[in-house]
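Undergrad: Here you go, one structure.
Numbering (our numbering), first residue to last: 4 to 222.
Given below as structure tokens:
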């Protein structure tokens with residue numbers, strides 16, 4: 004069983020992993036009983052979330068805005084997963100209850116990113132970059148620009164006001180999340196594919212991964 008995505012949830016120590024068979028698994032960190040013991044991981048859930056391969060996952064963090072050192076509310080984090088079945092599923096980590104099934108993409112869902120705990124961004128192999136509202140899971144925005152290139156990665160700025168996305172069309176785009184409009188576009192010469200983008204914790208730098216695994220840093 005191979006994991007396609009692996010991440011730590013904020014707040015309490017959770018580890019969640021997505022698998023090629025469409026399942027998702029979650030573990031809690033169990034503290035060591037003595038100083039000589041090592042901490043253990045306890046399996047908390049295992050779901051068959053998707054009919055086929057699970058391609059991406061994201062966990063919400065309500066520490067958005069000026070006070071980015073705030074802790075996420077333990078047990079209230081949201082977990083979203085997307086797969087080749089074109090579906091996004093959303094769960095409440097604390098209760099492990101499924102909250103929503105989102106179906107708007109016309110191909111595999113390749114990337115997910117929460118904007119705090121208020122919104123969810125999703126990118127697909129169909130070139131769509133969509134904005135969902137977590138209060139009612141309605142689709143409230145669609146960003147135009149990457150089609151026909153698949154949206155391979157999404158990174159939300161710590162302020163929650165802008166986001167970056169990469170694509171197989173060799174473009175790095177910045178989006179204004181308050182207006183749902185493009186803010187800038189950059190093509191990086193020498194790379195056919197841009198596979199990943201991430202902001203630094205302070206939001207003053209971001210890193211882009213090229214198709215030859217080259218790391219490019221921008222400020």
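Even for Gly, the Cβ is constructed at its ideal location relative to N, Cα and C. All of these numbers come straight from a predicted model, not from anything done at the bench.
(1) Report yes or no: do the segment 158-165 and the segment 135-142 share at least 3 C-beta pairs separated by less than 8 Å?
(2) Let's test the definition: count the other Cβ atoms within 10 Å of the Cβ of residue 20 and tell me whether it reaches 16, buried, or not, exposed.
(3) Can you tell me whether residue 33 is buried or exposed? The criterion is at least 16 other CB atoms within 10 Å of its CB, across all chains shown.
(4) So, using beta-carbon positions, are residue 97 and residue 56 closer together than 8 Å?
(5) Tell me the residue span of the beta strand (DSSP E) that contains residue 177.
(6) Just to confirm, is the Cβ distance from residue 174 to residue 188 under 8 Å?
(7) Please classify residue 49 as buried or exposed, where buried requires at least 16 other C-beta atoms within 10 Å of its C-beta.
(8) For residue 23, list the residues DSSP reports as bridge partners.
(9) Counting along the chain, where does the beta strand (DSSP E) carrying residue 60 start and finish?
(10) How is residue 135 classed by DSSP in three states: helix, strand or coil?
(11) Look at residue 92 and residue 125 and say whether their C-beta atoms are less than 8 Å apart.
(12) Ordered along the chain, which non-local residues of its own chain (more than five positions away) have a Cβ less than 8 Å from that of residue 132?
(13) Using only the alpha-carbon positions, how far apart do residue 224 and residue 110 sit?
(14) So is residue 104 buried or exposed if we call it buried at 16+ other beta carbons inside 10 Å?
(15) DSSP on residue 66, reduced to helix/strand/coil?
(16) Residue 59 and residue 115: beta carbons closer than 8 Å?
(17) Does residue 86 pass the burial test, meaning 16 or more other C-beta atoms within 10 Å, or should it be called exposed?
(18) Determine the direct distance from the alpha carbon of residue 112 to that of residue 88, and round the result to whole angstroms.
(19) Sort 106, 45 and 120 by Cα distance to residue 82 and report the nearest one.
TA: This is what the structure gives:
(1) Counting C-beta pairs closer than 8 Å gives fewer than three between the segment 158-165 and the segment 135-142, which falls short of the contact rule.
(2) Answer is buried; the Cβ neighbour count reaches 16.
(3) Its Cβ having fewer than 16 others within 10 Å, residue 33 is exposed.
(4) The answer is no: Cβ separation not under 8 Å.
(5) Element bounds for residue 177: 174-179.
(6) When the beta-carbon positions are compared, residue 174 and residue 188 come within less than 8 Å of each other.
(7) Here residue 49 is exposed: its Cβ has fewer than 16 other Cβ atoms, across all protein chains shown, within 10 Å.
(8) Residue 23 pairs with nothing; no bridge assigned.
(9) Residue 60 -> beta strand (DSSP E) spans 57-62.
(10) Judged by DSSP in its simplified three-state form, residue 135 adopts strand.
(11) Taking the C-beta atoms as reference points, residue 125 is found no nearer than 8 Å to residue 92.
(12) Excluding sequence neighbours, residue 132 sits near 124, 125, 126, 145, 146, 148, 149, 154, 157, 168 and 178.
(13) Not covered by the structure: residue 224. The range shown for the chain is 4 to 222.
(14) It counts as exposed.
(15) Confidence at residue 66 is low in this model, with a pLDDT of 43, below 50, so its placement is unreliable and no value can be given for it.
(16) Yes, they are a contact pair.
(17) Around the beta carbon of residue 86, 16 or more other beta carbons sit within 10 angstroms, so the residue counts as buried.
(18) For residue 88 and residue 112, the distance between alpha carbons rounds to 8 Å.
(19) Taking only the C-alpha atoms, the option nearest residue 82 is 120.
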